Structure formats: structure tokens, C-alpha cells
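A.B. asks: Chains as they are written, first to last, in the working numbering: chain H, 10 to 250; chain V, 10 to 250.
There are 2 protein chains.
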Amino acid sequence: MDFRKFPNISVDCVVMGLDHTGLQLLLSKRTLHMYDDQYPVVDDWVLTGDHVFKSEKLDEAANRIFKLLTGLNTSYYRQFRAFGNPERIKNDRDLLWVKSLGVDTRTISVAYYFALPVEQVKTLAPHSAWYPIQDLPELGFDHREIIQSALLDIQEKVMNDPIIFEFLPDKFTLNELQHAYESILGVEIDNRNFRKKIIAKPYIVSINEKRIGTAKKPANLYMFSKDIFIKTSDKHQIINI
Amino acid sequence: MDFRKFPNISVDCVVMGLDHTGLQLLLSKRTLHMYDDQYPVVDDWVLTGDHVFKSEKLDEAANRIFKLLTGLNTSYYRQFRAFGNPERIKNDRDLLWVKSLGVDTRTISVAYYFALPVEQVKTLAPHSAWYPIQDLPELGFDHREIIQSALLDIQEKVMNDPIIFEFLPDKFTLNELQHAYESILGVEIDNRNFRKKIIAKPYIVSINEKRIGTAKKPANLYMFSKDIFIKTSDKHQIINI
DNA sequence: CCTATTAAACGTACCTTTTACGTTATAAAA
DNA sequence: TTTTATAACGTAAAAGGTACGTTTAATAGG
Chain H
10 MDFRKFPNIS
20 VDCVVMGLDH
30 TGLQLLLSKR
40 TLHMYDDQYP
50 VVDDWVLTGD
60 HVFKSEKLDE
70 AANRIFKLLT
80 GLNTSYYRQF
90 RAFGNPERIK
100 NDRDLLWVKS
110 LGVDTRTISV
120 AYYFALPVEQ
130 VKTLAPHSAW
140 YPIQDLPELG
150 FDHREIIQSA
160 LLDIQEKVMN
170 DPIIFEFLPD
180 KFTLNELQHA
190 YESILGVEID
200 NRNFRKKIIA
210 KPYIVSINEK
220 RIGTAKKPAN
230 LYMFSKDIFI
240 KTSDKHQIIN
250 I
Chain V
10 MDFRKFPNIS
20 VDCVVMGLDH
30 TGLQLLLSKR
40 TLHMYDDQYP
50 VVDDWVLTGD
60 HVFKSEKLDE
70 AANRIFKLLT
80 GLNTSYYRQF
90 RAFGNPERIK
100 NDRDLLWVKS
110 LGVDTRTISV
120 AYYFALPVEQ
130 VKTLAPHSAW
140 YPIQDLPELG
150 FDHREIIQSA
160 LLDIQEKVMN
170 DPIIFEFLPD
180 KFTLNELQHA
190 YESILGVEID
200 NRNFRKKIIA
210 KPYIVSINEK
220 RIGTAKKPAN
230 LYMFSKDIFI
240 KTSDKHQIIN
250 I
């Protein structure tokens, strides 16, 4: 294993988590002191990333970063874009930061996103925190653009593939599923029609349990069966324009 | 402008063309002679690609390659994946080839595809040729995997976005549109239902012209109006699972 | 000139899904 | 026991998809 890093190839991870308040992103605090300990020259937030080892795959680099950040080995993930414009790293803070790391100022970053329920992350890495996607802090590099691109990509995936379940625990209520769609797609859905549509799917399996601990009528729990989904998806009706 | 190239960052272009026989790919012949002029040590086909200039954007590199290949300045294109496994370049032919170019054996390749009608390419670059996607020649590197990945991505795009029209001339018949869908998605479509569905779209505009020079009844020509599409697409019906 | 041929174009009945709502059930809290 | 809010069920109309049969119009060949 060659642990030297490429100075010009990095991986950035957009870790997307869902909880009852909506879609959250897991960000890392970036702080750099030069002159004194009180006023850092760099003090903002970034997507968690790292340069790629000489002997690891891109996917492996992404999962290594994800594990350092969340302590988790597995989650749904997808490489969605590479960012490599020459002026990606141009403002003073970013240049100072890059020089302090000893890597190149022209770096190609391969971007991944990860999708999971926020509650699944038990041990957060130091200097990292969840932020609601509608209320992000000051971000370094072109990371706001990368986040926007990740959001568009996962929205498209959520609309056409059974990816929404990656954001939910194994057992979920119909309303939790609806709120997941509403948070991620940014739409409102009629609850009665939504239930009807979802219950009709063979791969949404009702289990004999209720969501307890709520103030009102307990809701039935359901599970998503990937096996049944694969076996029953004809994917007719393929032209949706 | 800095014309030095990154030795470890390249761009590969999957140029997809459609004609009446189906989907075609534009490939480049790769030949390397070492010992004599008769038996080349490398003699196969590859996707057209190049290493990225130090001062150009990834998109610019892709379009530079596309222009060299086809003579065209514009076409629909999309960056769909980066390929960067350490063992991407491992067999003897690929290693010989890479060494002859003086670039690194571990290279991250950012892959783009382009979509256009075959007829639009008037001047083909030397040592390049169209190949039907079902009948590709021997390919170098991991280019068969890149092509497969490009095909899956564009199929998904064709199903959910008005991308099919990129493969057709401005004016097309309904049957040409149907055959485009059938070639790219690999499905059979009922002609009568297809016509009904397409004609009902406000952005498919009937023009008062016929496709002439055919042996049978001349077909009416239609155009796709991007303006009308954008203005009329509610994109309701967003959950397609 | 007439007929055969075939792509192009039109039509219809039926089924499924979506949409826009109104209504009922149930558990906990007041 | 009543109130309250979520959960769950229901219905009619509209829209869209499916599976076919039929008609039209141009050329080619006798």
C-alpha cells in the first residue's frame, strides 16, 4: 500500500443526512492560525475531503473519508461529478489553506455524495457538524457549487430510483416516507393520494408494528423490500418527457 | 495559456451518433510500432481522449478533443463519471502505449459523452471511425467499461429529459423519433400509441413539410421546441418508483 | 392505367393511474 | 368524557396508457 498522496487529485464527500427537520449536510470546520492564536486567517467550513492515496481506488478514498467522519463502514454513496476548473482555488483563504497542506493549487476533485438517516451517525468526528441544507455556514473553495450539484443529482435519483429509503431507518411510517420526499424534492404531496400510491407497491411491506412514543394515534410501520422491488420492476412506461 | 499537460489527469470522450442503423460510437485507431513497420505492438481502438492542459477547464478539454475529432464546435455533452482505479492501466499494450506518450501509469480520466446525429459529422479525423455499439472492435484500457457506463447514463437521461432530440436533425418524422428511442433504450414501442402520445405534447411542433425521397407515403416533419418545453413542463408526477 | 404494397396516419374500447377532495378511526391529552 | 391531531379509508372524475383494428396515400410493378 502506497500512502503517498496525489498532490493534484482529491475526493470530496457530500454527506447528506435526513431527520425530522429536513435534509442536513455534514461539514468540517476549517481553521488556520498564522500570526496568533486568537484571529485565525482561515475560519470557515468545508466538505470533508482528502487527497487520494497513490494505491487506492477513488471509491476507496471516498469511503475512507466517510468512515473517518462518521465511524460507519457502509452507506449508500455515488460519485456524481469531477470538479477541476483552473480557478477553483483562487481566493486568499483557500490559497493559504492549500499551501499549508503542501498540495497543488490546481487540484481535480472527484465528488461523492452519501445518503443516510442522521440518527445512524453515533460518533461524529471532531470539528464536524450537521447543518441544514437551507442554512449553510460560510463555505470554502467551490463547495457551495458542489453541494448544489449533489442536490440536483440526488433529487433526480430519488425521483426515478428507490433511493429515498437510504435516508430512512429500516422501519418507517408512511408519513415519514412522505416527509422524506417532501424534504428532498422540495414539494408538497397530498397525504391521501400518497398513501394510496405507496401502499399499492408490492415492495412496500407492512409489518405488524407501530411507531410508539408519539402523542397521537400510533402509525403503522413499513419496510422496503429490495428483493421484491427488483423482481417486480418492469420499468415499462419509460418515456417521461 | 499553459499548454503543459497534467501527466495524471485526462479526459475521454464517448461520442455517440445516431443514424438509421442505430447507435454508433466514434473511436480512434491506436497503433504503436517498436521493432518493425509490419507488426505493431499495439493495434486496437480507443475512445478519443487527451491529457488536460494546465490552464484549461475539464469541459474545455472535452470540447477541444471533440472538435479535433469531428470538426464541430458544439453538441450536447455531459461529464458523467471519473475513472481512476490504480489498476486501470495494467495490460502490456496499455503500458507500452502510456510509456510511449510519457504520461503516468496511474491516470484519473474524466469521462464525457457527446450526442449528435451521425450525419452532422462531415469531416472525420484521420484514424477514427464510427462503430455500431453492438459490434465494437477490440478496445484498449478500461474503455469498454466507460462506454457501458456512458450508455447507462444517457439511457437514464433519454428517459427523463428531452435529450433524444440531440440525436436527431432539427426536422424529424415521428417514426425517426420512435426509432431513436428504440435504438438507444433497446425497446420496442407500439407505433400507434407512440404517435398519439408524442403528438399530444405541445413542444412537438408539426411543420408543413414532408420527408421526401422515400419509397412510400411521405411522412410529416416535426420540430422540438425547447422554449415551449421549458414553459410547459410542470414536472408533476415526480415519483416514478 | 390499374393494382399491390407498405409506411403513415387515424380511431376505439378498455384498463390503470392520478387528482381532488370528503370522511372515519384511534390514541393521548385535557 | 371530550377534545385534538394524526392516521387511515373512500369516492368520483379526469387523465393517461394499452391493445388492438382501420383507413390513407404515395410509389412500384405489371
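We treat Cβ as the ideally placed atom computed from N, Cα and C, and that holds for glycine. Just so you know, these numbers come straight off a predicted model, no measurement behind them.
What would DSSP say about Ser109 of chain V, mapped onto helix, strand or coil?
C.D. replies: Residue state, collapsed to three classes: helix.
A.B. asks: May I ask you to list, following chain order, the residues of the segment 165-180 of chain V that have a beta carbon less than 9 Å from some beta carbon of chain H?
C.D. replies: Listed by position, the residues of the segment 165-180 of chain V near chain H (Cβ gap below 9 Å) are Glu165, Val167, Met168, Asn169, Asp170, Pro171, Ile172 and Ile173.
A.B. asks: By Cβ distance below 7 Å, which residues in the same chain neighbour Ile250 of chain H in space, the five residues on each side in sequence not counted?
C.D. replies: So no residue of the chain qualifies.
A.B. asks: Count the other CB atoms within 10 Å of the CB of Val196 of chain H; is the residue buried (16 or more) or exposed (fewer)?
C.D. replies: Exposed, since its Cβ has fewer than 16 Cβ neighbours within 10 Å.
A.B. asks: Check Asp162 of chain H in the structure and name its three-state DSSP category.
C.D. replies: Three-state result, Asp162 of chain H: helix.
A.B. asks: Can at least three beta-carbon pairs, one atom from the segment 74-83 of chain V and one from the segment 39-51 of chain V, be found at a separation below 8 Å?
C.D. replies: No: the two stretches stay apart, fewer than three of their Cβ pairs being nearer than 8 Å.
A.B. asks: Whole-angstrom Cβ separation of Ala91 of chain H and Val119 of chain H, contact assumed at under 8 Å?
C.D. replies: Contact flag correct, Cβ pair sits at about 5 Å.
A.B. asks: Distance check for Ser215 of chain V and Asn217 of chain H, CA to CA, integer angstroms please.
C.D. replies: Taking the straight line joining both Cα atoms gives about 55 Å.
A.B. asks: According to DSSP, simplified to helix, strand and coil, what is Thr79 of chain V?
C.D. replies: Three-state DSSP puts Thr79 of chain V in a helix.
A.B. asks: I need the boundaries of the beta strand (DSSP E) containing Lys240 of chain V, first residue and last residue.
C.D. replies: Lys240 of chain V -> not in any beta strand (DSSP E); alpha helix (DSSP H) instead, spanning Lys235 to Thr241.
A.B. asks: Any beta-carbon of chain V closer than 9 Å to the one on Pro227 of chain H?
C.D. replies: Output row for Pro227 of chain H: interface = no.
A.B. asks: Please work out which residues of its chain come closer than 6 Å, Cβ to Cβ, to Ser64 of chain H, disregarding the five sequence neighbours upstream and downstream, and give them in chain order.
C.D. replies: Within the same chain, Ser64 of chain H has close Cβ partners Met10 and Asp11.
A.B. asks: What would DSSP say about Asp68 of chain H, mapped onto helix, strand or coil?
C.D. replies: It is helical.
A.B. asks: Can you have a look at Leu161 of chain V and say buried or exposed, based on whether 16 or more other CB atoms are within 10 angstroms of its CB?
C.D. replies: Exposed is the call here.
A.B. asks: So which of V:Arg87, V:Lys108, V:Ser109 and V:Arg115 has the shortest CA-CA distance to Ile98 of chain V?
C.D. replies: Out of V:Arg87, V:Lys108, V:Ser109 and V:Arg115, V:Arg115 has the C-alpha closest to the C-alpha of Ile98 of chain V.
A.B. asks: Can you tell me the Cβ-Cβ gap for Ile173 of chain H and Pro211 of chain H, rounded? I've got them flagged as a contact below 8 Å.
C.D. replies: That belief does not hold up - the Cβ atoms of Ile173 of chain H and Pro211 of chain H are roughly 17 Å apart, past 8 Å.
A.B. asks: I want to verify the contact list: residues of chain H whose CB lies under 8 Å from the CB of Ile155 of chain V, in sequence order.
C.D. replies: By Cβ distance, chain H contributes nothing, its closest Cβ being about 13 Å from Ile155 of chain V, past 8 Å.
A.B. asks: Against Ile248 of chain V, what residues of chain H qualify as contacts under a CB-to-CB distance less than 7 Å, listed in chain order?
C.D. replies: Those within 7 Å of Ile248 of chain V in chain H are Met168 and Tyr190.
A.B. asks: How about Thr132 of chain V: is its Cβ closer than 8 Å to a heavy atom in the ligand GDP?
C.D. replies: Here there are no bound small molecules, and the ligand GDP is not part of this structure.
A.B. asks: For Tyr140 of chain V, collect the residues of the same chain with a Cβ closer than 7 Å to its Cβ; drop the 5 residues on either side in sequence, then sort them by chain order.
C.D. replies: Gln33, Leu34, Leu36 and Pro146, listed in sequence order.
A.B. asks: So, helix, strand or coil for Ile117 of chain V, using DSSP?
C.D. replies: Ile117 of chain V falls in the strand class under three-state DSSP.
A.B. asks: Would you report the Cα separation of Ile247 of chain V and Glu191 of chain H, rounded to the nearest angstrom?
C.D. replies: Each residue's alpha carbon lies about 11 Å from the other.
A.B. asks: Using only alpha-carbon positions, find the residue among V:Phe203, V:Leu41 and V:Phe62 that is nearest to Leu110 of chain V.
C.D. replies: The option with the nearest alpha carbon to Leu110 of chain V is V:Leu41.
A.B. asks: With DSSP as the reference, label Ile216 of chain V as helix, strand or coil.
C.D. replies: Reduced to three states, the DSSP call for Ile216 of chain V is strand.
A.B. asks: Between Ala184 of chain V and the rest of its own chain, which residues show a CB-CB distance below 8 Å, the 5 nearest in sequence each way excluded?
C.D. replies: The residue asked about is misnamed: residue 184 of chain V is Asn in this sequence, not Ala. For Asn184 of chain V, where only same-chain residues beyond five positions count, the Cβ hits under 8 Å are Asn200 and Ala228.
A.B. asks: At a cut of 8 Å, does the segment 13-32 of chain V reach the segment 119-128 of chain V through at least three beta carbon pairs?
C.D. replies: Yes: the two stretches touch, three or more of their Cβ pairs being nearer than 8 Å.
A.B. asks: What is the DSSP secondary structure of Arg97 of chain H, counted as helix, strand or coil?
C.D. replies: Arg97 of chain H: coil per DSSP, three-state reduction.
A.B. asks: Can you check whether the C-beta of Val5 of chain V is within less than 9 Å of a C-beta belonging to chain H?
C.D. replies: Because chain V is modelled from 10 through 250, residue 5 of chain V falls outside the range shown and cannot be assessed.
A.B. asks: To the nearest angstrom, how far is the alpha carbon of Asp101 of chain H from that of Pro95 of chain H?
C.D. replies: The straight-line gap from Cα to Cα measures roughly 15 Å.
A.B. asks: So, are the CB atoms of Lys14 of chain V and Asp59 of chain V less than 9 Å apart?
C.D. replies: Taking 9 Å as the Cβ cut-off, Lys14 of chain V and Asp59 of chain V qualify as a contacting pair.
A.B. asks: Counting C-beta neighbours from all protein chains within 10 Å, is the total for Asn72 of chain H 16 or more, i.e. buried, or is it exposed?
C.D. replies: Answer is buried; the Cβ neighbour count reaches 16.
A.B. asks: From the DSSP output, in three-state form, read off Met232 of chain V for me.
C.D. replies: Strand, per DSSP.
A.B. asks: With 7 Å as the limit, tell me which residues of the segment 80-96 of chain H have their beta carbon closer than that to any beta carbon of chain V; keep them in chain order.
C.D. replies: Hits within the stretch, in order: Gln88, Arg90, Ala91, Gly93, Asn94 and Pro95.
A.B. asks: In the DSSP assignment, find the unbroken beta strand (DSSP E) run with Gln187 of chain H in it and report its ends.
C.D. replies: Where Gln187 of chain H is concerned, there is no enclosing beta strand (DSSP E), although the alpha helix (DSSP H) it sits in stretches over Leu183 to Leu194.
A.B. asks: Are Val55 of chain H and Leu148 of chain H touching if we call contact CB-CB under 9 Å?
C.D. replies: Yes, the pair counts as a contact, with Cβ atoms nearer than the cut-off.
A.B. asks: Quick one: Cα of Val112 of chain V to Cα of Pro16 of chain V, how far?
C.D. replies: C-alpha separation (whole angstroms): 5 Å.
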